[in-house]
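Position 213 of the sequence shown, counted from 1, bears residue number 290 in the working numbering, the numbering being contiguous throughout.
Structure first, then comments.
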Amino acid sequence: MKKEFGKIILSAALVAGLCAVINSCGKVKDTYPSIENSLFGNSGNTGLYFVTDDPKTQFIIPIGVSAIAAQDRTITFSVTSPTGASEGQQYTLGATSVKIPAGSTSFDLPLKGIFAGYPSGRKDTLNFKLTGGDIPVMTSSNSYTVVMQKYCNVQIADFSGSYLCQDYYNNAPDGDPYEVELTPGAVGADGKSGKISISGLWGYVKPFNVDLNWVNPAAFTTSIAAQPWMVHSTYGQSTIKPNGSGTFSSCDNTFKIAYEVTVSAGSFGKYYSTLTKL
Numbered sequence: 078m079k080k081e082f083g084k085i086i087l088s089a090a091l092v093a094g095l096c097a098v099i100n101s102c103g104k105v106k107d108t109y110p111s112i113e114n115s116l117f118g119n120s121g122n123t124g125l126y127f128v129t130d131d132p133k134t135q136f137i138i139p140i141g142v143s144a145i146a147a148q149d150r151t152i153t154f155s156v157t158s159p160t161g162a163s164e165g166q167q168y169t170l171g172a173t174s175v176k177i178p179a180g181s182t183s184f185d186l187p188l189k190g191i192f193a194g195y196p197s198g199r200k201d202t203l204n205f206k207l208t209g210g211d212i213p214v215m216t217s218s219n220s221y222t223v224v225m226q227k228y229c230n231v232q233i234a235d236f237s238g239s240y241l242c243q244d245y246y247n248n249a250p251d252g253d254p255y256e257v258e259l260t261p262g263a264v265g266a267d268g269k270s271g272k273i274s275i276s277g278l279w280g281y282v283k284p285f286n287v288d289l290n291w292v293n294p295a296a297f298t299t300s301i302a303a304q305p306w307m308v309h310s311t312y313g314q315s316t317i318k319p320n321g322s323g324t325f326s327s328c329d330n331t332f333k334i335a336y337e338v339t340v341s342a343g344s345f346g347k348y349y350s351t352l353t354k355l
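The structure is reproduced here in structure tokens:
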């Protein structure tokens, strides 16, 4: 099932915070502040925006005021990025002010990420801060942070093919890159896990299975369960075992697997290998 990660879902705490100051939430009037202010919600709120390859997706930032008025009100804000994100390259916003119509207490500010602006591994932070306008700013609720990164739906079948493999031992390249083959396996019943098999590691045709997990959209992981692997000409039957977890990208078709290879006489060592689709 295709998931949309582009829209914000307000937490119960944020909704409660907004309801405490915005009279459209149906609270009795004596709970409203007597001074009209603009606000983002609870101070220090952070949203996660997973930028997909769909121009229709966007991230909504709620801006509110603490009381209804008979006239439109303009609210201004600033946007900064400590990670270097720039408008037109990583995102589009269009303006640094919004107009809340007469009779309303909120405005949905749309933020659109630019998929092409996010190569593998890039993650950006945008800091929004209310700066003024027609009414004073509620200083305790004047900031909002958005963390942005690329997201691609996982299609196991797309992983099939030849990959360039580089092995690492003690965090240093071990030998030259070489070619391996990846075969997609089954997807789990939860739709957020699956398997692939790799043949050609270390030059051995014997395949082994790798488990994939994409429950957390911010961190796709690989893991290897202990399983029989190749038969060494000197040391006999080997077992490939886990050595922590690795990562993978469904956007770039890249994998990192971490493993240890053992035989009855001992261990060949702990390794990790990176795979990049050819």
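Just so it is clear, CB atoms sit at the ideal spot from N, CA and C, and this is done for glycine as well.
Supposed contact pair residue j and residue i - C-beta distance, whole angstroms, cut 8 Å
i    : j    : result
P187 : Q135 : 5 Å
I212 : R150 : 6 Å
F154 : T208 : 6 Å
I145 : V175 : That pair is no contact at about 16 Å.
D185 : I137 : 5 Å
C242 : L352 : 5 Å
T157 : N204 : 5 Å
V231 : W306 : Incorrect: roughly 26 Å between the Cβ atoms, too far for contact.
V257 : I273 : No, V257 and I273 are not in contact; Cβ-Cβ is about 11 Å, not under 8 Å.
Burial state of residue i (16 or more Cβ within 10 Å)
i    : result
K227 : buried
T160 : exposed
G321 : exposed
S276 : exposed
N330 : buried
S237 : exposed
D201 : buried
T173 : exposed
G271 : buried
A296 : exposed
T108 : Interpretation of T108 is limited by its pLDDT of 34, a score under 50 that renders its predicted location unreliable; the figure taken from the coordinates is listed afterwards. The residue is exposed, with fewer than 16 neighbouring Cβ atoms inside 10 Å.
Y312 : exposed
A263 : exposed
S217 : exposed
S143 : buried
G198 : exposed
S344 : exposed
V214 : buried
A342 : exposed
V282 : exposed
G190 : buried
I171 : In the sequence on display, residue 171 carries Gly and not Ile. When all chains shown are included, G171 counts as exposed.
Element boundaries [beta strand (DSSP E), containing residue i]
i    : result
G271 : S270 to S276
R150 : R150 to T157
W306 : Q304 to H309
V287 : F285 to N290
L352 : G343 to K354
I177 : S174 to I177
F325 : G323 to S326
Y312 : Segment: none, Y312 is in no beta strand (DSSP E) and carries neither H nor E.
N122 : N122 to V128
Short Cβ contact (9 Å threshold) for residue i with residue j
i    : j    : result
T222 : T129 : no
Y195 : K354 : no
V338 : G346 : yes
D244 : Y168 : no
P284 : S300 : no
For residue i, the residue or residues it bridges with in DSSP
i    : result
L203 : V223
L186 : I138
Y255 : C242
I317 : Q304 and V338
F297 : In the DSSP output, where bridge partners are listed per residue, F297 has none listed.
G210 : I152
V264 : G271
K333 : T324 and T351
Y168 : E164 and G190
A249 : Y246
Residue i beta carbon near the ligand GTP (any heavy atom closer than 8 Å)
i    : result
T324 : Summarising the ligand content, the structure contains no ligands, and the ligand GTP is consequently not present.
Minimum Cβ-Cβ distance from residue i to chain D less than 9 Å
i    : result
K206 : The chain labelled as chain D is not found in the depicted structure, where only one protein chain is given.
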